[in-house]
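See below for the structure under consideration.
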Amino acid sequence: PSTIYLKDYKVPPFLIDKTELTFDLDEATTIVTSRLHMRRNPACGKSTVPLTLDGGEGVKLIGLAMDDYTLPPEEYRISENKLIITATADQFVLTCETLIEPQNNTSLEGLYRSSSMFCTQCEAEGFRHITYYLDRPDVMSVFTTTIIADADRYPVMLSNGNEVERGKTEEGKTFVVWNDPFPKPAYLFALVAGDLAVKNDIFTTQNKRDVKLQIFTETHNIDKVDYAMEALKRSMRWDEEAYGREYDLDIFMIVAVDDFNMGAMENKGLNIFNSSCLLASPETTTDDSYLRVEAIVAHEYFHNWSGNRVTCRDWFQLSLKEGFTVFRDQTFSADMHSETVKRVEDVSFLRTAQFAEDAGPMAHPVRPASFIEISNFYTLTVYEKGAEIVRMIHTLLGAEKFRAGSDLYFERHDGQAVTCDDFVSAMEDASGVDLTQFKRWYSQAGTPVVSVTDEFDAASGTYRLTMKQETPVTPNQPTKLALHIPVRVGLLDQSGNELSATLDGTTAEDHVLHLTSSEQVFEFSGVTARPIPSLLRGFSAPVKLHYDYTPANLLLLMSSDSDGFNRWSSAQQLAVNELQALIGQAIAGETLSIDSQLIDGFKALIGDCNLDPAMVALILTLPSQAYLSELANPIYPAAIKQARHYLKTQLANALSGEFESLYTNNKSQGVYQANAEDIACRSLKNLALSYWVETDSEAAQQAVVQQFEFANNMTDQFSALSIAVHSQHEKAADMLAVFYDQWKNEPLVVNKWLMLSAGQESDDALIIVKGLMEHPAFDLKNPNKVRSVLGGFGQNMAAFHKEDGSGYRFLADQIILLNKRNPQIASRLCTPLTRWKKMQPELSEKMKSELERILAEDLSKDVYEVISKCLA
Ligand code: HT7
Ligand code: ZN
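If you count the sequence shown from 1, position 420 lands on 425 in UniProt numbering, and the numbers rise without skipping.
If you want it as structure tokens, here you go:
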């Protein structure tokens with residue numbers, strides 16, 4: 006497979022002003038007729054290059070005409086899925102008829118069937134699986150779409166924009182015509198046809214225009230869309246208030262489908278959602294999933310401006326829309342709930358998963374320089390690190406200038422396909438801030454390490470921070486340049502009070518330091534006593550920070566820092582230090598033992614009635630095995646598991662009374678609400694239960710069963726079940742069986758059951774997982790089911806990393822099985838194996854041989870790219 010480079014970008018030689026599509030939908034074959042109003046791109050001057058249209062496997066050309074002239078086979082050719090027409094006029098209408106078989110489309114790219122409906126997924130390059138086209142984001146066209154189908158089976162027929170006509174064909178089928186007045190690239194095209202139920206609502210915009218809102222689902226799910234509808238209205242209002250962005254069409258539709266490769270898709274006026282990211286009810290949906298529904302509804306809606314009205318020039322610029330939109334959805338969720346909790350969750354995810362990606366063989370810049378398969382670059386780096394870049398711009402400019410920058414960006418580029426540089430230029434032009442050096446964040450991969458030392462001179466009242474930055478080498482980037490890193494810093498006195506200090510003539514309690522060189526000194530004056538620095542407040546940059554804090558410093562920051570994020574971060578650091586010592590003991594085969602500081606800190610925290618329950622729950626949550634693996638080199642999975650389990654048990658025993666009280670005091674159950682306060686209480690209660698059950702208290706064991714049986718919401722019921730499974734409760738197997746029986750008709754709940762079952766730490770884990778794949782609830786065609794079982798198995802440290810390599814072999818078998826059926830899903834399943842170089846030697850070798858076994862197969866571009874880069 007060939008590599009595509011950013012440096013080779015050229016403007017398109019042809020443009021398509023209008024795209025007229027007709028879909029004759031049928032179970033056996035679907036005929037697609039396109040009429041493309043094309044002209045040579047004036048930006049290319051006088052050119053004679055042939056017209057090359059993108060197509061895909063499974064697209065059969067059955068007719069081709071230019072204006073009214075039917076092209077004979079000698080006047081065009083098809084090579085490597087491209088349709089090449091040598092002689093063209095400067096302006097013409099190309100009519101193209103293709104035959105496709107959506108019912109046999111297992112890749113879920115292009116037009117496919119999910120349950121009884123037809124639906125599409127065109128980002129990034131799915132449209133070419135429907136018909137021949139200039140399938141690139143800088144070719145923007147006005148689409149008119151006619152859908153023809155049997156109205157009995159497909160009473161709902163949707164596409165982008167507004168419905169403009171409806172009627173009957175001569176054969177008695179129904180046709181519906183949609184027109185989208187906003188020019189768009191083909192990746193934003195969508196079509197849905199099915200027998201669907203609808204929930205209607207209305208949103209009145211700031212300019213008093215009524216927008217019709219519709220959410221479509223299969224009939225049995227329509228009672229689960231109320232939360233998404235409310236979230237949509239909150240998102241629409243928020244985008245008006247926070248960014249001045251008003252919705253532009255008269256109708257906004259969302260459709261839920263069961264088979265979907267990702268979370269959702271922002272097609273213009275017709276978002277398509279994975280049902281797991283849209284449907285919610287208290288009985289079937291956990292708090293986490295409620296928050297996810299709200300965030301994804303918002304994310305897709307926000308794309309209407311950051312992605313659709315202003316789109317990407319090419320796929321290397323993907324973070325232009327994704328990084329910015331993730332930043333926007335993160336800020337929205339923070340505004341709807343708690344800013345600190347949201348920041349902790351986002352950073353925790355970034356530090357665990359994106360940092361691991363940035364340190365692995367697939368590490369790439371936020372704006373990649375090359376790719377083989379673009380689907381592989383919908384990554385945590387492009388999304389989450391991309392959002393951190395936008396957040397840093399916000400920090401550097403301040404809220405007001407950032408808003409001016411975003412206004413300018415939307416105004417300047419409305420209706421255009423642009424680059425990350427254009428985004429930064431708008432920010433610079435509106436603010437007067439020079440971001441030249443800052444832009445290196447887009448092109449340089451790897452997580453920078455910032456090391457800090459300090460000196461205090463009591464006589465002059467001077468406090469000096471010395472900061473060094475270094476970015477590790479990543480694939481194809483042997484040398485790294487210094488980045489512009491905003492480091493937000495505060496100073497605390499030894500009693501935990503905030504100190505005001507002067508830096509560069511500004512006196513404040515909180516300063517943003519501009520670290521721009523590989524080594525730099527920042528000198529504060531007016532400091533009366535040796536301070537404890539609170540560094541990288543709010544996680545002001547996506548870096549690894551090293552400073553030699555004493556345990557006493559960390560405890561003080563944990564209890565007193567005015568920055569909520571750093572209170573959590575200090576507690577995490579304290580626990581990480583403890584866990585790393587325990588991991589060392591476990592590797593050396595020593596008896597495990599811990600210091601008492603963490604216990605004392607947790608005790609004080611639980612006793613502090615002034616604290617927000619959400620904060621307490623976050624601080625009491627130990628670093629995950631995945632985060633400890635990211636920090637380790639090499640990774641000893643068994644030692645990590647043993648150490649974490651040991652620490653949790655020690656804390657549970659030392660603070661059993663505290664955990665019991667925390668559980669009991671937060672137990673009361675009112676009517677379920679997914680608001681910040683109730684979510685915090687439930688998370689604290691369930692965390693306390695997970696500790697308490699690690700003691701040998703009979704009452705705790707009973708509490709788990711009671712909660713499982715009598716919970717009035719899925720959060721509590723599923724928490725009790727997870728706690729039972731992970732603590733190897735004697736009733737765990739029975740509870741799993743009861744749970745399945747209770748929820749076997751709710752696929753989204755069954756998916757949670759599949760994941761938990763696959764994550765069971767048992768000697769028979771692999772047998773259990775193989776059994777799950779044969780279970781009637783499993784379906785290899787459904788990405789959610791695959792993700793549940795194989796994702797759950799990947800998190801099962803003991804089973805996946807079993808010394809005999811059986812876990813790796815099993816995963817490799819599944820990758821090979823899915824490679825041709827669904828390349829995108831197969832490629833994502835490779836992620837755990839990409840960590841092979843960091844594993845302890847015996848495991849590393851076994852992973853490597855599985856990677857080599859996969860590489861010997863006839864691979865899709867998607868899987869080939871990941872595996873070959875992994876072994877390079
Ligand atoms: N922009 C959407 C991307 C997406 C996607 C990409 C590749 C394959 C399937 C996909 N489904 C959706 C999602 C988003 O970021 O909003
Ligand atoms: Zn997105």
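Glycine residues also receive a C-beta, built at the ideal position from the N, C-alpha and C atoms. Because the structure is a prediction, the values reported are computed rather than measured.
With 16 as the cutoff for other CB atoms within 10 Å, does residue i come out buried or exposed?
i	result
Tyr-10	exposed
Cys-124	buried
residue 897	With the chain represented from 6 up to 877, any question about residue 897 goes unanswered, as that position is not in the structure.
Asn-801	buried
Arg-82	exposed
Arg-171	exposed
Thr-441	exposed
Lys-347	buried
Phe-407	buried
Asn-309	buried
Gly-177	exposed
Lys-228	The residue you asked about is not Lys; residue 228 is Asp in the sequence shown. When all chains shown are included, Asp-228 counts as exposed.
Cys-282	buried
Ile-859	buried
Thr-209	exposed
Arg-214	exposed
Leu-486	exposed
His-551	exposed
Asn-717	exposed
Phe-443	buried
With the cut-off set at 8 Å, would you say residue i and residue j are in Cβ contact?
i	j	result
Asp-72	Val-98	yes
Ala-708	Leu-694	yes
Leu-627	Lys-653	yes
Trp-320	Ile-394	no
Met-852	Ile-640	no
Val-331	Gly-391	yes
Tyr-14	Ile-377	no
Cys-101	Leu-139	no
Asn-313	Glu-251	no
Tyr-447	Val-548	no
Gln-474	Pro-453	yes
Leu-470	Asp-459	yes
Leu-196	Val-161	no
Thr-136	Val-64	yes
Tyr-388	Glu-350	no
Pro-752	Gly-799	no
Leu-603	Glu-635	no
Thr-467	Phe-544	no
Ser-724	Asn-691	yes
Gly-274	Gly-166	yes
Arg-687	Asp-334	no
Leu-562	Val-532	no
Ala-52	Arg-45	It is Ser, not Ala, that sits at residue 52 in the sequence shown. The answer is yes: Cβ separation under 8 Å.
Thr-587	Ala-648	The sequence as given places Leu at residue 587; Thr does not occur at that position. Yes.
Glu-663	Ile-611	yes
Ala-737	Thr-700	no
Which whole-angstrom value describes the C-beta separation of residue i and residue j, a residue pair presumed to lie in contact below a C-beta threshold of 8 Å?
i	j	result
Val-230	Thr-222	6 Å
residue 879	Ala-450	The structure shown has nothing for residue 879, since the chain only spans 6 to 877.
Ala-817	Glu-855	4 Å
Cys-875	Pro-366	5 Å
Tyr-306	Met-258	Not confirmed; about 12 Å, so no contact.
inquiry  = Could you check whether the stretch 859 to 875 touches the stretch 817 to 831, counting it as contact only if at least three pairs of C-beta atoms, one from each stretch, sit closer than 8 Å?
reply    = yes
query = What are the start and end residues of each continuous beta strand (DSSP E) run of 3 or more residues lying completely inside the stretch 409 to 494, in chain order?
reply = 454 to 462 and 467 to 475
ask   = Three or more beta-carbon pairs under 8 Å between the stretch 173 to 183 and the stretch 354 to 372, yes or no?
value = no
request  = Tell me the start and end of each unbroken beta strand (DSSP E) in the stretch 733 to 765 that is at least 3 residues and wholly inside, in chain order.
outcome  = none
inquiry  = List, from N- to C-terminal side, the alpha helix (DSSP H) runs of 4 residues or more that fit wholly inside the stretch 343 to 383.
reply    = 344 to 354 and 360 to 363
query = Counting Cβ pairs closer than 8 Å, one from the stretch 229 to 244 and one from the stretch 147 to 157, do we hit at least three?
reply = no
message = Assess contact between the stretch 551 to 560 and the stretch 616 to 623, defined as three or more Cβ pairs (one per stretch) separated by less than 8 Å. Is contact present?
response = no
inquiry  = I'd like the ranges of any beta strand (DSSP E) spanning at least 3 consecutive residues and lying wholly in the stretch 212 to 250.
reply    = 215 to 223
task = Decide if the stretch 487 to 496 is in contact with the stretch 531 to 541; the criterion is three or more beta carbon pairs, one per stretch, under 8 Å apart.
result = yes
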